[in-house]
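Structure first, commentary second.
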Amino acid sequence: MKEPAAIPRRAWLWVTAAYLFQSIPAAVRDEALPVALKNTGYADKDITQAVAYLGLIFGFKILLAPLVAAFRPRGFILITELAISVLLGGLALQVAADHPSSPAIIACLVLLSFVAAAHDFALDGYFVSALDDRTRATHSGLLNFASKLGMVLAGPGLIWLAGRIMDYGPQSADAWSWSLVAAGLLALFATAANALGLRSETAQAADARSIGERYEEMLQGLRSLFVDPRLFAVFGLILFYRASEIHMARILPLFATSTSPGGLALDNQTYAQMRIVTAVLGLALGGIIGSQVVARVGLGRSLIPLGIAMHAPLAAIAWLAAKGSHDLSVIGTVFFIEYLAYGAGMCALLLAMMKLASGSGAAIRYAALSTVALVANYLPGLWAGSLSDRLGYAHYFLFALSLAIPGILSAWFAKRHFEDA
Numbered sequence: 000m001k002e003p004a005a006i007p008r009r010a011w012l013w014v015t016a017a018y019l020f021q022s023i024p025a026a027v028r029d030e031a032l033p034v035a036l037k038n039t040g041y042a043d044k045d046i047t048q049a050v051a052y053l054g055l056i057f058g059f060k061i062l063l064a065p066l067v068a069a070f071r072p073r074g075f076i077l078i079t080e081l082a083i084s085v086l087l088g089g090l091a092l093q094v095a096a097d098h099p100s101s102p103a104i105i106a107c108l109v110l111l112s113f114v115a116a117a118h119d120f121a122l123d124g125y126f127v128s129a130l131d132d133r134t135r136a137t138h139s140g141l142l143n144f145a146s147k148l149g150m151v152l153a154g155p156g157l158i159w160l161a162g163r164i165m166d167y168g169p170q171s172a173d174a175w176s177w178s179l180v181a182a183g184l185l186a187l188f189a190t191a192a193n194a195l196g197l198r199s200e201t202a203q204a205a206d207a208r209s210i211g212e213r214y215e216e217m218l219q220g221l222r223s224l225f226v227d228p229r230l231f232a233v234f235g236l237i238l239f240y241r242a243s244e245i246h247m248a249r250i251l252p253l254f255a256t257s258t259s260p261g262g263l264a265l266d267n268q269t270y271a272q273m274r275i276v277t278a279v280l281g282l283a284l285g286g287i288i289g290s291q292v293v294a295r296v297g298l299g300r301s302l303i304p305l306g307i308a309m310h311a312p313l314a315a316i317a318w319l320a321a322k323g324s325h326d327l328s329v330i331g332t333v334f335f336i337e338y339l340a341y342g343a344g345m346c347a348l349l350l351a352m353m354k355l356a357s358g359s360g361a362a363i364r365y366a367a368l369s370t371v372a373l374v375a376n377y378l379p380g381l382w383a384g385s386l387s388d389r390l391g392y393a394h395y396f397l398f399a400l401s402l403a404i405p406g407i408l409s410a411w412f413a414k415r416h417f418e419d420a
């Protein structure tokens, strides 16, 4: 009797679909929500703080690790994706209600963050454990591209869609509700593609040990991480390597749509269209360039040049804020360069984190590192809005550019730990 034919491996498909999906809840929170609040008159400092608090909930995902390990990774990833799709639909219903309930909307956003945190832990752990070093490096550019593409579709994409719907008459609440429905449908499409890709992967069993034993393993994994001689180098990269870009990203949507001095005064649709086009092209090229640079010259020797490239666009964005009005082609070019540089630079940081996390206890180690990365990503939101109000957009972006100094120093310190990578 013939054995059933093996299903061809489709790592490219599930990496693309799963990481595109992973970015949808973050995009709703990080870009669509700030613009919606900006349109309704909230101050920059209130908006950035709200986004920061919601984002910091992700920091709890390390505590979910022993609980998530009780499930089979592939099944858990798909179930949480379905749950997130349902929550997006529930959020859409709450926004469109005749008498929207603020506590219910906040509860949906908080629950969305918790479920997404569990999904992210399972997915990142599966990516690190299921693929070897070479395959991870090969797919790192695709991972970064898919993540940022999802951010574009569910961030500027929702902004554009809400604006188009409002052009035909519906109130803003109804327009944003239909946009959230579109985000839910995108999430379901990504889930289906992810399920198709994961079918060809080797199944991993659930952890049959007790919760106490799994927590003990988590502590052991953290202890092994804390004694790793590369920890402080990677910790420095996480905190400083993309600090300029993080501070810029907290303010960029507000700066682009602001009519106050220094703002670009773009309407929602123009901003969204510009971000979509420049992101798709910039990230596609940036991810390819970054992964090719690392593959050719090695991770250690890539950190400094890719870090410099990632920080450089802040000078152009500060110039946009200082000069005032600009032709849309100029703004689009700057946005494109920013995405291109970010896509290339993030390849190096992600691979450094994955290299440190690989081995025994990879999922726990990577969860700890990604938790630190999440805190580093959202914590600046607590002060970014207040600082930009005080300094003005141009001086704020120059301040963000000054953070390139510790960023490059962190790369210089870390490169010797990855000379063979």
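Under numbering that gives the first Met the number 0, residue 420 is the last one in the sequence shown; the count climbs by one each step, no gaps. Built from N, CA and C at the ideal position, the CB exists for glycine as well. Treat the numbers as computed from the prediction; the structure is a model and nothing was measured.
- In the same chain as residue 321, and ignoring 5 residues on each side of it, the C-beta atoms closer than 8 Å to its own belong to 261 and 393, in chain order.
- Contact check for residue 258 and residue 267: beta-carbon distance about 12 Å, past the 8 Å limit, so the pair fails to qualify.
- About 14 Å separates the Cβ atoms of residue 213 and residue 72, ruling out a contact at the 8 Å cut-off.
- Comparing alpha-carbon positions, the option among 90, 69, 276 and 347 lying closest to residue 103 turns out to be 90.
- Residue burial is scored here from C-beta neighbours: residue 239 has at least 16 other C-beta atoms within 10 angstroms and is therefore classed as buried.
- Rounded to the nearest whole angstrom, the C-alpha separation of residue 351 and residue 298 is 7 Å.
- The three-state reading of DSSP puts residue 201 in coil, since its state is none of H, G, I, E or B.
- Rounded to whole angstroms, the gap between the alpha carbons of residue 128 and residue 279 is 29 Å.
- Spatial neighbours of residue 75 in its own chain (CB-CB distance under 6 Å, excluding positions within 5 residues in sequence) are listed in chain order as 121.
- Taking C-beta separations shorter than 7 Å and ignoring five residues to either side along the sequence, the partners of residue 335 in its chain run 277, 280 and 281, following chain order.
- For residue 156, the enclosing alpha helix (DSSP H) stretches over residues 155-166.
- If you draw a straight line from the Cα of residue 338 to the Cα of residue 285, it comes to about 7 Å.
- Just measuring C-alpha positions, the residue of 414, 10, 83 and 177 sitting nearest residue 161 is 177.
- Secondary structure at residue 134: helix, using DSSP grouped into helix, strand and coil.
- Following the DSSP letters along the chain, one finds residue 255 inside the alpha helix (DSSP H) bounded by residues 242-256.
- Sixteen is the threshold: since fewer than 16 other Cβ atoms of the shown chains lie within 10 Å of the Cβ of residue 222, the residue is exposed.
- Following the DSSP letters along the chain, one finds residue 216 inside the alpha helix (DSSP H) bounded by residues 210-225.
- Per DSSP, residue 337 is one residue of the alpha helix (DSSP H) stretching across 327-356.
- If you compare the alpha carbons of 265, 12 and 369 with that of residue 195, the shortest gap goes to 12.
- Annotation: residue 27 is outside any alpha helix (DSSP H) and is labelled neither H nor E by DSSP.
- DSSP assignment within the segment 251-322 yields the following whole alpha helix (DSSP H) runs of 4 residues or more, N-terminal first: 267-296, 298-310 and 312-322.
- By the neighbour-count definition (other C-beta atoms within 10 Å, threshold 16), residue 119 is a buried residue.
- Taking the Cβ atoms as the reference, residue 387 lies roughly 6 Å from residue 43, within the contact range of under 8 Å.
- Residue 126: member of the alpha helix (DSSP H) spanning 101-129, first to last residue.
- Burial is judged here by how many other beta carbons sit within 10 angstroms of a residue's own beta carbon; residue 209 has fewer than 16 and is exposed.
- Per DSSP, the continuous alpha helix (DSSP H) segment holding residue 396 begins and ends at 392-401.
- For the pair residue 33 and residue 69, the Cα-to-Cα distance works out to about 36 Å.
- In this structure, residue 275 keeps its C-beta atom at 8 Å or more from the C-beta atom of residue 149.
- Spanning the alpha carbons of residue 20 and residue 186 requires a straight line of approximately 6 Å.
- Counting only residues of its own chain and dropping the five nearest sequence neighbours on each side, residue 164 has a CB closer than 6 Å to the CB of 174 and 177.
- Here residue 144 carries a helix assignment [DSSP, helix/strand/coil].
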